[in-house]
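Asks: First the structure, then my questions, so here it is.
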Amino acid sequence: MSEAIVLEVRHITRRFGGLYAVDNVSFAVQRGEIFGLIGPNGAGKTTLFNVITGMTPPTHGELFYEGINITNKRPHEIAMLGVARTFQNIRLFGTLTALENVMIARHIHTKSGVLEGVLGLPPAPQEERAVRQRAMELLELVGLAEAAEMQARNFSYGDQRRLEIARALALEPKLLLLDEPAAGMNQNEKSALSAFIRSIREQFNLTIVLIEHYVPLVMGLCDRIAVLNFGQLIALGAPEAVQNDPAVIEAYLGE
Ligand SMILES: Nc1ncnc2c1ncn2[C@@H]1O[C@H](COP(=O)(O)OP(=O)(O)OP(=O)(O)O)[C@@H](O)[C@H]1O
Ligand SMILES: [Mg+2]
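The sequence shown runs contiguously to residue 255 in the UniProt record's numbering.
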């Protein structure tokens, strides 16, 4: 496999009973790319993220990350290899502070480990300090340092989405999967999001796959875009080409 390819999705199908949520989808994501995944509601976008991250096993097909076959790996194994994500339905620990939410993720890279992190067992003090410091840096990066001690459930939607990104970055990913990062954000937050996503790509040398309904964001930000409809890949290419593709226009008009 080419060095330039970070993620390869090969003939992935995921069925739920008779429903083909993802239907024989293949594509490759290049290193450093911001790759958009779009399509009408129910097209299979989130299911594909769930398959890539090991949360939902595929019915058929194979997945390669950095040339490694990850098809049958567990979610934590895939995370350890450098794949992190955010969730369409935000998954934070609501009663924990912003700082604690990021620190828990960070423990995956320390000796004490993620289990102790979740269970709240005390890690070595030195390690704890380093984890706390790094978590604070990440909160600063996403603009939430001043709210570090606030419970996650008290954040606005937009801030919760940024907190999830900070938590994902704490895993030190190479590949970051964002599931509708603009959802619930106000117009100002949406406008700032493109520049923010570009800046984290530079700063962390990331490859990013982004699911998003907000068209201006997708068109302005993504290097290439894949379009799903009823589980099938109906278009793949540069934003302008995809936007003018008759099959894509039809899929959206039929929504
Ligand atoms: N665990 C599940 N069991 C049964 N059906 C499921 C399950 N998860 C998803 N589906 C179905 O698979 C299809 C694809 O859902 P998915 O959530 O992947 O779509 P999506 O493209 O992310 O949509 P949206 O834009 O609304 O988030 C839908 O018809 C959905 O109802
Ligand atoms: Mg979805």
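Every residue gets a Cβ at the ideal spot worked out from N, C-alpha and C, and that includes glycine.
1) Report yes if the C-beta distance between residue 83 and residue 51 is below 8 Å; otherwise report no.
2) Closest to residue 80 by CA distance: which of 175, 200, 146 is it?
3) Start and end of the beta strand (DSSP E) containing residue 179?
4) Give the straight-line distance between the Cα atoms of residue 216 and residue 222, rounded to the nearest whole angstrom.
5) Please name the residue or residues paired with residue 7 in a DSSP beta bridge.
6) Determine whether the beta carbon atoms of residue 151 and residue 94 lie at a separation below 8 Å.
7) Regarding residue 89 and ligand 1, is the C-beta to nearest heavy atom distance less than 7 Å?
8) DSSP beta-bridge partners for residue 16?
9) Would DSSP call residue 85 helix, strand or coil?
10) Would you list, in sequence order, the uninterrupted beta strand (DSSP E) runs of no fewer than 3 residues that lie entirely inside the stretch 149 to 206?
11) I'd like the list of long-range same chain contacts for residue 77, defined as Cβ closer than 8 Å, with 5 residues on each side in sequence excluded.
12) To which residues of the same chain is residue 35 closer than 6 Å at the C-beta, ignoring the five residues directly before and after it?
13) Just checking residue 174 against ligand 1 - is the residue's beta carbon closer than 7 Å to any of the ligand's heavy atoms?
14) Classify residue 155: buried if its beta carbon has 16 or more other beta carbons within 10 angstroms, exposed otherwise.
15) Return helix, strand or coil for residue 220, following the three-state DSSP convention.
16) Consult DSSP for residue 144 and reduce its assignment to one of helix, strand or coil.
17) Using beta-carbon positions only, say whether residue 251 and residue 75 come within less than 8 Å of one another.
18) Taking the beta carbon of residue 65 as the centre, do at least 16 other beta carbons fall within 10 Å, making it buried, or is it exposed?
19) When the distance is taken between beta carbons, is residue 90 closer than 8 Å to residue 164?
20) Just to confirm the assignment, what range does the beta strand (DSSP E) spanning residue 37 have?
21) Select from 16, 32, 13, 126 the residue whose C-alpha is nearest the C-alpha of residue 3.
Replies: Looking at the coordinates:
1) Here residue 83 refers to the residue found at position 83 of the sequence shown. Here residue 51 refers to the residue found at position 51 of the sequence shown. No, the Cβ-Cβ distance between residue 83 and residue 51 is not below 8 Å.
2) Looking up residue 80 in the sequence shown gives position 80. Ranking 175, 200, 146 by Cα distance to residue 80 puts 175 first.
3) On the sequence shown, residue 179 is found 179 positions in, with the first residue counted as 1. In the DSSP assignment, residue 179 falls within the beta strand (DSSP E) that extends over 175 to 179.
4) Here residue 216 refers to the residue found at position 216 of the sequence shown. Here residue 222 refers to the residue found at position 222 of the sequence shown. Looking at the two C-alpha atoms, the distance is approximately 10 Å.
5) Indexing the sequence shown from 1 puts residue 7 at position 7. DSSP output for residue 7 lists 29, 65 as bridge partner(s).
6) Within the sequence shown, numbered from 1, the residue matching residue 151 stands at position 151. Within the sequence shown, numbered from 1, the residue matching residue 94 stands at position 94. Cβ atoms of residue 151 and residue 94: closer than 8 Å.
7) The residue you call residue 89 lines up with position 89 of the sequence shown. Checking the Cβ of residue 89 against ligand 1 gives no.
8) For the purposes of this step, residue 16 is taken as the residue at position 16 of the sequence shown. Here residue 16 is bridged, per DSSP, to 19.
9) By 1-based counting over the sequence shown, the position of residue 85 is 85. Strand at residue 85.
10) 175 to 179
11) Counted from its first residue, the sequence shown places residue 77 at position 77. Excluding sequence neighbours, residue 77 sits near 54, 70.
12) Sequence index remark: in the sequence shown, residue 35 carries index 35 (1-based). 29, 209, 224.
13) Taking the sequence shown and counting its residues from 1, the one referred to as residue 174 is at position 174. No, the Cβ of residue 174 stays beyond 7 Å of every heavy atom of ligand 1.
14) For the purposes of this step, residue 155 is taken as the residue at position 155 of the sequence shown. So residue 155 counts as buried.
15) Working through the sequence shown from its first residue, we reach residue 220 at position 220. Residue 220 falls in the helix class under three-state DSSP.
16) Working through the sequence shown from its first residue, we reach residue 144 at position 144. Residue 144: coil per DSSP, three-state reduction.
17) Residue mapping note: residue 251 aligns to position 251 of the sequence shown, counting from 1. Residue mapping note: residue 75 aligns to position 75 of the sequence shown, counting from 1. In this structure, the beta-carbon distance from residue 251 to residue 75 does not fall below 8 Å.
18) In the sequence shown, residue 65 corresponds to position 65, counting from 1. Buried.
19) For the purposes of this step, residue 164 is identified with residue 164 of the sequence shown, where counting begins at 1. For the purposes of this step, residue 90 is identified with residue 90 of the sequence shown, where counting begins at 1. Cβ atoms of residue 164 and residue 90: closer than 8 Å.
20) Here residue 37 is taken as the residue at index 37 of the sequence shown, counted from 1. Per DSSP, residue 37 belongs to the beta strand (DSSP E) from 34 to 38.
21) For the purposes of this step, residue 3 is identified with residue 3 of the sequence shown, where counting begins at 1. Residue nearest to residue 3 within the set 16, 32, 13, 126 is 32 (criterion: CA-CA distance).
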